[in-house]
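Counting with the working numbering, you get residues 505 to 724 for the letters of the sequence shown.
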Amino acid sequence: MKQFKPFTTTLIGSLPRSKKLLALKEQTLLTTKYNEAYKEQLEKETEQAIKMQIAAGIDVVVSGELNRDNYMSYIAEKVDGVALLTMEELRELAANVGEFDKSLEEMDAADNTMCSPVCFDKIDTDVPLNSEELERLERMTDKMFKMTIPSPYLLTRSMWMKKVSSRAYSSRKELGKDVVKLLINEVRRLVSKGVKIIQIDEPILSEVVFTRDKGEQSFY
505 MKQFKPFTTT LIGSLPRSKK LLALKEQTLL TTKYNEAYKE QLEKETEQAI KMQIAAGIDV
565 VVSGELNRDN YMSYIAEKVD GVALLTMEEL RELAANVGEF DKSLEEMDAA DNTMCSPVCF
625 DKIDTDVPLN SEELERLERM TDKMFKMTIP SPYLLTRSMW MKKVSSRAYS SRKELGKDVV
685 KLLINEVRRL VSKGVKIIQI DEPILSEVVF TRDKGEQSFY
């Protein structure tokens, strides 16, 4: 810990993406024609994000998570057994629509612009999640950096939709066991590659603990 200052600075993780990058990402979902252009723009903006942090005097830099739609939805792009659904699609699967709608309003996610990962089958617990981000950081900077992953609670809560997830898992708890395996394997993989700082993102647990009763189905 001697390498850290008394007040070491860093960023939470994500940074804004340009309209160009967003448009190219959307195109890659429709055709492979734009894959190379998207990759080049991603490289360019990631490098800019890192240089900006260094210029600002940030001690521990991040990639900016520019390849992620949000801090957990990218899991659906990596893990077999998981699909990315819109809020409207999730609503159709919710066991209690009223409870689900209430949770959306509380989290300011009541429109259809957000997507969330949902478990449809047994998940692959040994797939790399952050290898591409790690490769870019190692290539683009010599400064100390950190990797970010979503928490097991957050992923399990979001991925469980009883109507479809119960085909593969008997309960949310059973799904959670595999989610924990997935993240433990990722942490071990990152540590084995020399990563010194790993941040586990959990922005909503306090909301659930202090403001909501336990429910069968909600957005969080």
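Even for Gly, the Cβ is constructed at its ideal location relative to N, Cα and C.
Treat the numbers as computed from the prediction; the structure is a model and nothing was measured.
In the three-state reduction of the DSSP assignment, residue 703 falls in the strand class, which pools E and B. By the Cβ-count criterion, residue 512 is exposed, with fewer than 16 other Cβ atoms from all chains shown falling within 10 Å of its own Cβ. DSSP, read as helix, strand or coil, puts residue 660 in helix.
Straight-line spacing of the CA atoms in residue 672 and residue 691 works out to 25 Å.
Taking every protein chain shown into account, the CB of residue 627 has 16 or more other CB atoms within 10 angstroms, so this residue is buried.
Just so you know, the alpha carbons of residue 567 and residue 705 end up roughly 15 Å apart. For residue 597, the enclosing alpha helix (DSSP H) begins and ends at 591-597.
In the three-state reduction of the DSSP assignment, residue 665 falls in the coil class, being assigned neither a helical nor a strand state.
Residue 507 sits exposed, since fewer than 16 C-beta atoms from the chains shown fall within 10 Å of its C-beta. In the three-state reduction of the DSSP assignment, residue 543 falls in the helix class. Non-local C-beta neighbours of residue 573 in its own chain, meaning closer than 7 Å and more than five positions away in sequence, comprise 619, ordered along the chain.
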